[in-house]
Structures are given as structure tokens and as C-alpha cells.
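Enquirer:
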Amino acid sequence: MFEDFDGFGETDSGDFVKFGTLEELRQNRTINRKIISKWISVFFDDQDEPYAIEMSCKHQGANLAEGKIVNNVVTCPRHFWKFNIVTGKSHTEYAPDLRKHAVRVKDGVLYVSIRPKP
Ligand code: FES
Numbered sequence: 752m753f754e755d756f757d758g759f760g761e762t763d764s765g766d767f768v769k770f771g772t773l774e775e776l777r778q779n780r781t782i783n784r785k786i787i788s789k790w791i792s793v794f795f796d797d798q799d800e801p802y803a804i805e806m807s808c809k810h811q812g813a814n815l816a817e818g819k820i821v822n823n824v825v826t827c828p829r830h831f832w833k834f835n836i837v838t839g840k841s842h843t844e845y846a847p848d849l850r851k852h853a854v855r856v857k858d859g860v861l862y863v864s865i866r867p868k869p
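Just add 751 to the spot in the sequence shown (first one is 1) and you have this note's numbering.
Listed below in C-alpha cells is the structure:
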């Protein structure tokens with residue numbers, strides 16, 4: 752699921768924007784939306800907790816939402832760089848980390864912070 756969300760859409764408070772629902776995430780494995788010109792993906796980790804990271808690979812921008820996830824590590828489908836979906840940390844030498852975003856869940860709705868976590 753890909754949706755350009757640059758209009759911000761509905762916010763709960765502060766910097767969090769409505770991103771989708773837990774049900775959508777269960778059905779689609781990932782939800783991908785563009786917020787302020789940046790694509791963000793939400794995934795479940797291996798404990799079924801939702802996490803949000805930037806969607807584009809730090810190498811050549813491949814779509815990480817199409818990568819395989821094993822033990823919270825997504826492998827880029829293009830050249831196989833690896834990133835942790837919970838921390839955003841790179842598992843590939845010399846590769847920068849991914850930006851991560853805070854996620855809140857309220858009444859089955861996912862809200863993602865507009866600004867990346869420091
Ligand atoms: S684009 Fe992801 S590893 Fe090359």
C-alpha cells in the first residue's frame with residue numbers, strides 16, 4: 752500500500768499524523784506513505800509492535816518495503832544491504848542508518864511522527 756500523504760491528513764496531536772490502522776498493517780505487512788516529501792514505511796517487528804523507518808534504501812533508494820524481513824532486519828531487494836527496522840541501524844559496513852519515526856497506536860489507529868527521532 753502506497754499513498755502520498757503530503758497533505759498531512761489527520762493528526763492526533765503535536766507532530767503525529769494518522770498513518771493507517773493495525774488491521775491494514777496485518778493485512779498488507781507494511782504501510783507506506785509519503786509525509787513531507789519523504790516516504791515512510793511502518794512494519795511489525797517480531798513481537799508485533801509497529802515501527803516506522805524511512806522507506807528508501809541508503810544505497811540507491813530501492814524500496815525497502817519490498818525487502819525480506821528476518822529477525823527485525825530488512826534486506827534491500829536490490830543489492831542486499833541490511834537495516835534493523837526497529838532501530839534504523841545499518842547492518843552493512845559504511846552504510847548510514849535509516850531515519851526512524853515514533854509510532855503511537857490509539858484505538859487501532861497508527862499515528863507516525865512527522866519528524867524523525869533524533
Ligand atoms: S539500493 Fe539498496 S542495497 Fe543498493
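Even glycine gets a Cβ: it sits at the ideal position worked out from N, Cα and C.
Just so it is clear, the structure is predicted and the values come from calculations on it, not from any experiment.
#1: Can you check whether the CB of Ser788 is closer than 9 Å to the CB of Ala803?
#2: Check whether the Cβ atoms of Val854 and Ser864 lie closer than 9 Å to each other.
#3: DSSP three-state label for Leu861, please.
#4: Closest to Pro801 by C-alpha separation, out of Ala846, Ile782, Arg829, would be which residue?
#5: Buried or exposed: Leu861, going by 16 or more other Cβ atoms within 10 Å of its Cβ?
#6: To the nearest angstrom, report how far apart His810 and Gln798 are at their CA atoms.
#7: In its own chain, which residues sit with a C-beta less than 6 Å from the C-beta of Tyr845, not counting the 5 before and 5 after it?
#8: Where does Asn823 fall in DSSP's three states?
#9: What's the C-alpha gap between Cys827 and Leu773?
#10: How big is the Cα-Cα spacing for Ile786 and Val768?
Expert: On the basis of the supplied data:
#1: no
#2: yes
#3: strand
#4: Ile782
#5: buried
#6: 28 Å
#7: none
#8: coil
#9: 24 Å
#10: 9 Å
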